[in-house]
Amino acid sequence: MSELTAAEKRRLLRERRQAKLAATSTDRLGKITGTVGSHLPTASPLSAEDPAVSDISEAMTPAIDGSSGDSEPSMDKLLENMLGQGHNHNVPSVLPEDFMKTMSSILPSMNDESSKPTSGAGKKPSEHELQLDEYNRYQLRKFKLGFTVLRFVSVLTLVYFRLVGYTLFYPSFERLDHGYGKIDLWNWFTILEVFFSVVYVLAYRYLPQTRDNSIFSIIEGFVPQHYRGRFEMIVKYRDVVVFWINDLSVLILALGCLAWLNN
Amino acid sequence: MQLQTLFLVITGLTILSNLVSIVTKERIQGAVYVVFLRLFLTEKYNKLMKLKSEQLAVNKERNAISAQDNYAKWTKLNRKYDALAEQIKKQEHELSGQKSSIDNYVSRALQLLTTLPINALKLWYARKSLFYTRPGTFPWVIDALIINLPFLPRGSVGIYVWCFCVNRVFWILVDFVKVLTEPRPLPPSKEKTN
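Residue numbers (this note's numbering), protein chains in the order written: chain L, 1 to 263; chain S, 1001 to 1194.
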């Protein structure tokens, strides 16, 4: 028998393939429609009998109501549990398999988005904000110290002009009960304090604002809402009191030095 | 103690204590150790330096020869190097032990010079007036409720109020000098907008 040519071989193969297709066409169609040779049952899922338990609350897993450790149940599990109530493996899943995959691929991205902090309370300050805050702090500190030193100089000038020379009013290391009248040092001191306080309050709005991390911001949380406005005002102008204490300190220091020099 | 002396002592001690805080205890300890080393531990220090230079020379010599070709000599040098390392370690240990004891002494001395006498004087003279202002200098409220704390005779200034005033003015002036001398932070550049 002579050998077959290439064209003849091709023809034979084609014929064989066509015969095979013709023989198994019914099976193929059955496989596609799921009626023949499929691992899935032929019965329609809609015609399957209802499961014994149909209460949705029972279908909910512990993960959903939070009794389990998982706070974010996977969509796959959720749907399987809902549908698998009374699942007898003869009833096919109502939803196609790729639906599950699609849903579970969507779910992590949704979870990621929901887990992101919202802009606002928990937002960390940017590097620019931190730099600005540091710069503002420095400016504020510089202003306050400069202002304090200016006040010191004013108080010392006041002592020089209103007390030095009035030897009867010099402080002493001995106690003197008898008075010698009055000196207007304190009046001038008060005028100076009022003047500087007004200047500070007026200048306050133009001062750079910084993040207040002091103890007052913690205490503010415990103050009733009704008094919070007043508390904020007190905190805002507490520097006025601090300045007054500083000035009184320098005045007492000047008096002490005078007592020593007059000794 | 006379009031004048007390006034001077407590003022001086308060300022000294604040100066120590500015300089920091560690710096003082370091400076004292250096002085002590030069005065009393010269011999040990010189010995340590000599050992170190000797070790360096041995190491140089050992590295110059081949361990395979001159095994005997290399081993001998190696042993010498190890012996020197041991001696250096011992010497350093001795010196560091002395440093820690010197630091301890300095720390105690600083406490004895500043903290303890200030607290002792404050405790002892708590109820004693340091100096008196003349009647009529301050209004009654200031005379009887503020400057005479803790409830001293009217118009008098006690040791607590005096120390408070000295400390307050001192630190404000120090802060002011710091602000003037320290490098100022640069203003931040404008934030980039997307």
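Don't be surprised by glycine CBs; every beta carbon is placed ideally from N, CA and C.
Just so it is clear, the structure is predicted and the values come from calculations on it, not from any experiment.
8 Å CB neighbourhood of residue i in its chain, flanking five on each side removed
{"i": "Glu1061(S)", "result": "Leu1077"}
{"i": "Gln1029(S)", "result": "Ile1102, Asp1103, Val1106, Ser1107"}
{"i": "Leu130(L)", "result": "none"}
{"i": "Ile1159(S)", "result": "Leu1006, Ile1010, Leu1121, Lys1122, Tyr1125, Ala1126, Lys1128, Leu1130"}
{"i": "Ile183(L)", "result": "Arg162, Leu163, Tyr166, Phe169"}
{"i": "Lys1052(S)", "result": "Ile1088"}
{"i": "Thr1115(S)", "result": "Ser1017"}
Residue span of the beta strand (DSSP E) that contains residue i, given as start and end
{"i": "Tyr1132(S)", "result": "1129 to 1132"}
{"i": "Val1157(S)", "result": "1156 to 1158"}
Chain L contact residues for residue i, given Cβ-Cβ distances below 8 Å
{"i": "Tyr1160(S)", "result": "Ordered by position in chain L, no residue passes the 8 Å Cβ test against Tyr1160(S), which lies about 12 Å from the chain."}
{"i": "Val1169(S)", "result": "Phe152, Asn246, Ser249, Val250, Leu253"}
{"i": "Ile999(S)", "result": "The requested residue 999(S) is not part of the displayed model; chain S covers only 1001 to 1194."}
Limits of the unbroken alpha helix (DSSP H) element including residue i
{"i": "Val223(L)", "result": "It is not in any alpha helix (DSSP H) - Val223(L) carries neither H nor E in the DSSP assignment."}
{"i": "Val194(L)", "result": "185 to 204"}
{"i": "Gly256(L)", "result": "238 to 262"}
{"i": "Arg1079(S)", "result": "1071 to 1110"}
{"i": "Val164(L)", "result": "No alpha helix (DSSP H) holds Val164(L); DSSP gives it neither H nor E."}
{"i": "Gly1012(S)", "result": "1003 to 1023"}
{"i": "Ser126(L)", "result": "Run containing Ser126(L): none; DSSP gives neither H nor E here."}
{"i": "Ala1057(S)", "result": "1042 to 1064"}
{"i": "Ile1118(S)", "result": "1116 to 1124"}
Cutoff 6 Å; reference residue i; Cβ partners in own chain excluding five residues on either side
{"i": "Val1179(S)", "result": "none"}
{"i": "Tyr1033(S)", "result": "Lys1099, Ile1102"}
{"i": "Thr190(L)", "result": "none"}
{"i": "Val155(L)", "result": "Asp247, Val250, Leu251"}
{"i": "Pro208(L)", "result": "Asn136, Gln139, Leu140"}
In DSSP terms, what residue i is bridged to
{"i": "Ser172(L)", "result": "Tyr1132(S)"}
Per-residue contacts from residue i into chain L (C-beta, under 7 Å)
{"i": "Leu1003(S)", "result": "Phe173"}
{"i": "Ile1147(S)", "result": "Ile252"}
{"i": "Cys1165(S)", "result": "Ser249, Ile252, Leu253"}
{"i": "Val1009(S)", "result": "Under the 7 Å cutoff, chain L gives no residues; its nearest Cβ is about 12 Å from Val1009(S)."}
{"i": "Pro1188(S)", "result": "His128, Gln131, Leu132, Tyr135"}
{"i": "Arg1184(S)", "result": "Tyr138"}
{"i": "Asp1175(S)", "result": "Leu145"}
Selection from the options that minimises the alpha carbon distance to residue i
{"i": "Ile215(L)", "options": "Val149(L), Val201(L), Arg238(L)", "result": "Arg238(L)"}
{"i": "Ile245(L)", "options": "Val1058(S), Val1169(S), Asp1143(S)", "result": "Val1169(S)"}
{"i": "Leu1173(S)", "options": "Asn1018(S), Gln1004(S), Leu1048(S), Leu1051(S)", "result": "Asn1018(S)"}
{"i": "Leu255(L)", "options": "Trp1171(S), Glu1182(S), Asn1167(S), Trp1162(S)", "result": "Trp1162(S)"}
{"i": "Asp1143(S)", "options": "Gly1155(S), Gly1136(S), Thr1137(S)", "result": "Gly1155(S)"}
{"i": "Pro1202(S)", "options": "Arg10(L), Ala259(L), Leu185(L)", "result": "What is shown of chain S runs 1001 to 1194, which leaves residue 1202(S) out entirely."}
{"i": "Cys257(L)", "options": "Lys1073(S), Asp1175(S), Thr1133(S), Leu1037(S)", "result": "Thr1133(S)"}
{"i": "Ser217(L)", "options": "Leu207(L), Ser126(L), Arg205(L), Met233(L)", "result": "Met233(L)"}
{"i": "Lys236(L)", "options": "Val201(L), Gln225(L), Val159(L), Val223(L)", "result": "Val201(L)"}
{"i": "Tyr1081(S)", "options": "Leu1056(S), Glu1092(S), Ser1066(S)", "result": "Leu1056(S)"}
{"i": "Leu1110(S)", "options": "His1093(S), Lys1025(S), Gln1004(S)", "result": "Lys1025(S)"}
{"i": "Val241(L)", "options": "Ser25(L), Pro208(L), Ser197(L)", "result": "Ser197(L)"}
{"i": "Val1058(S)", "options": "Val1020(S), Asn1148(S), Arg1079(S), Glu1092(S)", "result": "Arg1079(S)"}
{"i": "Asn1046(S)", "options": "Glu1092(S), Arg1184(S), Ala1072(S)", "result": "Glu1092(S)"}
{"i": "Ser172(L)", "options": "Val1166(S), Asp1175(S), Pro1135(S), Phe1151(S)", "result": "Pro1135(S)"}
{"i": "Glu1094(S)", "options": "Thr1137(S), Leu1048(S), Phe1164(S)", "result": "Leu1048(S)"}
{"i": "Ile219(L)", "options": "Phe231(L), Glu127(L), Gln209(L), Gly146(L)", "result": "Phe231(L)"}
{"i": "Glu134(L)", "options": "Val1020(S), Asn1070(S), Arg1184(S)", "result": "Arg1184(S)"}
Spatial neighbours of residue i in its chain, beta-carbon cut-off 7 Å, leaving aside the 5 residues before and after
{"i": "Pro1117(S)", "result": "Leu1013"}
{"i": "Asp112(L)", "result": "Residue placement at Asp112(L) is flagged as unreliable, the pLDDT there being 47, under the threshold of 50; the coordinate-derived value follows with that caveat. There are no such residues."}
{"i": "Glu193(L)", "result": "Trp244, Asp247"}
{"i": "Ile1065(S)", "result": "Lys1073, Trp1074"}
{"i": "Leu1084(S)", "result": "Leu1051, Glu1054, Gln1055, Val1058"}
Minimum Cβ-Cβ distance from residue i to chain C less than 9 Å
{"i": "Leu1051(S)", "result": "Included in the structure are the protein chains L and S, with no chain C among them."}
Chain-ordered chain L contacts of residue i [CB-CB under 9 Å]
{"i": "Pro1153(S)", "result": "Arg175"}
{"i": "Pro1150(S)", "result": "Those do not exist, as Pro1150(S) stays about 15 Å from chain L at its closest Cβ, beyond 9 Å."}
Under 8 Å by beta carbon: chain S residues contacting residue i
{"i": "Leu255(L)", "result": "Phe1131, Thr1133, Thr1137, Val1157"}
{"i": "Phe169(L)", "result": "Arg1134, Gly1136, Thr1137"}
{"i": "Trp186(L)", "result": "Thr1137, Phe1138, Pro1139, Ile1142"}
Cβ-heavy atom distance, residue i to the ligand SAH, below 8 Å
{"i": "Tyr170(L)", "result": "The ligand SAH is absent from the structure shown, which contains no ligand whatsoever."}
Partners in chain S for residue i, counting only beta-carbon separations shorter than 7 Å
{"i": "Lys295(L)", "result": "As shown, chain L starts at 1 and ends at 263. That puts residue 295(L) outside it, with no answer to give."}
{"i": "Gly181(L)", "result": "Gly1136"}
{"i": "Ala259(L)", "result": "Phe1131"}
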